[in-house]
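In the working numbering, the protein residues as written are 68 to 461.
The beta carbon of each residue, even a glycine, is placed where N, CA and C say it ideally should be.
The model shown is predicted, which means the values in this text are computed figures rather than measured ones.
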């Protein structure tokens, strides 16, 4: 493609994604909904004709880069040392909130006659959450530092970890050719982890300290990105996925850099670039592969996916609340707090679709479930939170 064409595609996609994401954000919904719907809009037949194969490949390339940056950021935000101090309540909530939707989704797909691997992938996609929108609402109501807010955030951190493990398992199946090949992965994976960590502790702290003396935020950010991409390249040498390499790089950065201010600078800078520039293209690509004309025919999948995904998390919260003798409104808050979708599950669904592990129809149903859950969950969370606040005043 000519440079002019690349710039046109880049500008058009980013502009449409920006307008729709800001619109949904101002309405109180996650920006990811706007990004996906931007892709759906650009994928409409009368608009898609203006995108040739080269243009679609360019969007896919930027989308793949966006996933790498997204997993690097997820790795940075998974506090490994905090996992040791997670409360029992958060552990129960995260574990049940992952297990129940997984079992429900798997059982439903098996009842419909789908194969084992397809059923597992659907179950995983129903089980994974994205609590970023919940964080914003908790901040809005000054509840992030409360016991309930901490439980939801800790459960979200565990959920991120489980989501990445699920992603690693799906990628291992894709690269190995089957479930049985999972047993061949640990040796290479452990060697990669050990080597990456060794490079991290030997190089990163010294380099970060030298760069930090310059008081240059750009240099600190560049160092983190270079290290992340280097570890991604290393993961490819070991025949591991780039996204797993990116996640491992993020974890190593936050383990080896002891200065919390440096770490915060890296996270803030990376978050700005990731969500403002590259990740939108992944969601646009997902949206462009969502066939809106099939929605009517896919209701037999979409409706159960939404019901099982949402209700599975709510049941998990009710069981957790019962175990720890919590108020019914607090149980409801936990249930809706861990219910938003819109990140790792779409990465898994897209990898599965590209590698023919799931059909385009199932992929579209998962995307529809993600959009609906991302819209419904904040509404119900805010409503329950207002009710709880009013009750606390009386």
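Supposed close pair residue 264, residue 126 - CB separation, criterion 8 Å: So it is not a contact: roughly 35 Å between Cβ atoms.
Neighbour-count burial assignment, residue 180, 16 or more Cβ in a 10 Å radius: exposed
Continuous alpha helix (DSSP H) stretch holding residue 417: start and end: 411 to 421
Cβ separation of residue 526 and residue 187, assumed to be a contact under 8 Å, to the nearest whole Å: In the structure as shown, the chain starts at 68 and stops at 461, and residue 526 therefore has no counterpart that could be examined.
When 90, 153, 116 are compared against residue 104, the one with the closest alpha-carbon: 90
Among 455, 457, 458, 441, nearest to residue 201 - alpha-carbon criterion: Ranking 455, 457, 458, 441 by Cα distance to residue 201 puts 441 first.
Inter-stretch contact (C-beta, 8 Å, three-pair minimum) for the stretch 441 to 457 and the stretch 94 to 103: yes
Through-space distance from residue 208 to residue 247, alpha-carbon basis: Note that residue 247 scores a pLDDT of 48, beneath 50, so its modelled location is shaky; the value from the coordinates is reported in the next line. If I take the Cα positions, the gap works out to 48 Å.
Uninterrupted alpha helix (DSSP H) stretches inside the stretch 166 to 235 (no shorter than 4 residues): 183 to 194, 199 to 207, all fully within the stretch 166 to 235.
Alpha carbon of residue 60 to alpha carbon of residue 192, nearest angstrom: The shown model of the chain, from 68 to 461, leaves out residue 60, and the question about it has no answer.
Beta-carbon spacing of residue 323, residue 271 below 8 Å: yes
Collapsed DSSP secondary structure at residue 449 in the structure displayed: helix
C-beta contact flag for residue 451 and residue 160 at 8 Å: no
Where the alpha helix (DSSP H) through residue 337 begins and ends: 327 to 340
Check whether residue 372 and residue 436 have beta carbons under 8 Å apart: yes
Inter-stretch contact (C-beta, 8 Å, three-pair minimum) for the stretch 156 to 176 and the stretch 220 to 240: yes
For residue 398 and residue 420, the rounded distance between their alpha carbons: Roughly 35 Å between the two C-alpha positions.
Beta-carbon proximity of residue 374 to residue 434, cut-off 8 Å: Residue 374 places its beta carbon 8 Å or farther from that of residue 434.
Three-state class that DSSP yields for residue 247 in the structure shown: Summary for residue 247: the model assigns pLDDT 48, below 50, so the residue's position carries little reliability; its value from the coordinates is reported in the next sentence. Helix at residue 247.
Span separating the alpha-carbon of residue 429 from that of residue 326: 45 Å
Endpoints, alpha helix (DSSP H) assigned at residue 102: Element bounds for residue 102: 98 to 109.
Rounded C-alpha distance that separates residue 175 from residue 106: 29 Å
Helix, strand or coil at residue 141 [DSSP, three-state]: In this structure, residue 141 counts as helix in the three-state DSSP scheme.
Contact the stretch 312 to 322 vs the stretch 377 to 393: 3+ CB pairs below 8 Å: no
For residue 362 and residue 274, the rounded distance between their alpha carbons: 52 Å
Residue ranges of each alpha helix (DSSP H) within the stretch 283 to 326, 4 or longer: 284 to 304, 309 to 323
Status (buried if at least 16 other CB within 10 Å, exposed otherwise) for residue 417: Per the 10 Å Cβ criterion, buried.
Presumed contact (8 Å Cβ cut-off) between residue 139 and residue 295, rounded CB distance: 5 Å
Host alpha helix (DSSP H) of residue 404 (start-end): Residue range 395 to 404 is occupied by the alpha helix (DSSP H) that includes residue 404.
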